[in-house]
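Chains as they are written, first to last, in the working numbering: chain A, -17 to 94; chain B, 4 to 116.
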């Protein structure tokens, strides 16, 4: 059984640029959630996708957007990057209606 | 006020000690409670998952939920240096809001030889 994978591992961007982060869910899982974890903080919920539809969103501006594909992999897109977007971005997968979320290793984004 | 409060530590204990980690919460709608372990620069790893009040044991780990006090705990017996990590509590409402997890800030634990 393959776990949750994310790419890239690290990324450095400059303010105003756009970024796309990718996540492959664990085998058998159809729900993907994205979280932002600032240094020294707990993860903050960005949004969730269930069967290719957005299924809940946290307190993040519209420049944070996402997609889920038919194979249940997912992308997180962030436009007009700001310095405060520097964080570890985590993807978690779960089965439909399932409560246990399993996290990937994260993508560390640095915005200069 | 944050929905979930967790002492950030750091907490330093000798090898073999019993560790107690705690979180309090304010929203009575939370029904599912989790503990994750996160090593430096890694993703969180699910340790324990409990529903509503009560205790759950898994090896050296025991999770405890007291809904009347809005208080959850994780106990680690016979702590090992490999337990050194940040421990995050997380919780979820029973219905609505999808599967959004609300996390504490995490407690940094160091188990010393």
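Here a beta-carbon is modelled for each residue, glycine too, at the ideal position from N, C-alpha and C. Source: prediction; values computed, not measured.
Per DSSP, the beta-bridge partners of residue 89(B) are 41(B) and 111(B). If you keep only unbroken beta strand (DSSP E) runs of at least 3 residues inside the region 25 to 78 of chain A, you get 26 to 32, 35 to 39, 46 to 50, 56 to 60 and 69 to 76. Straight across, the Cα-Cα distance linking residue 65(A) with residue 18(A) is about 14 Å.
Setting aside the 5 residues that flank it on each side, residue 21(B) is surrounded in the same chain by 80, each with a C-beta closer than 6 Å to its C-beta; the list follows chain order. In terms of Cα proximity to residue 87(A), the closest of 48(B), 35(B) and 4(B) is 48(B).
When DSSP states are grouped into helix, strand and coil, residue 87(A) belongs to the coil group. Note that the C-beta distance between residue 29(B) and residue 5(B) is below 9 Å. 27, 30, 32, 37, 38 and 40: these are the residues of the region 27 to 41 of chain A whose beta carbon lies less than 8 Å from some beta carbon of chain B, given in chain order. Comparing C-alpha distances from residue 27(B) to each of 97(B), 108(B), 9(B) and 77(B) shows the shortest one belongs to 9(B). In this structure residue -9(A) is exposed. Its beta-carbon is surrounded by fewer than 16 other beta-carbon atoms within 10 angstroms. When Cβ-Cβ separations below 9 Å define contact, residue 83(A) makes contact with chain B.
Taking a 10 Å sphere around the C-beta of residue 67(B), we find 16 or more other C-beta atoms and assign the residue as buried.
For residue 84(B), the closest C-alpha among the options 12(B), 73(B) and 112(B) is that of 112(B).
Here residue -8(A) is bridged, per DSSP, to 90(A). For residue 3(A), same chain residues with a beta-carbon under 6 Å away, outside a window of 5 residues either side, are 58, 71 and 89 in chain order.
A direct Cα-Cα distance of roughly 8 Å separates residue 15(A) from residue 27(A). With 16 or more other Cβ atoms inside 10 Å of its own Cβ, residue 75(B) counts as buried. DSSP, read as helix, strand or coil, puts residue 17(B) in strand. In this structure, the straight-line span from the alpha carbon of residue 21(A) to that of residue 34(A) is close to 30 Å.
Annotation: residue 55(B) is outside any beta strand (DSSP E) and is labelled neither H nor E by DSSP. The beta carbon of residue 24(B) lies closer than 6 Å to those of 77, 90 and 110 in the same chain, with the five residues before and after it left out. Here residue 42(B) is exposed. Its C-beta has fewer than 16 other C-beta atoms within 10 Å.
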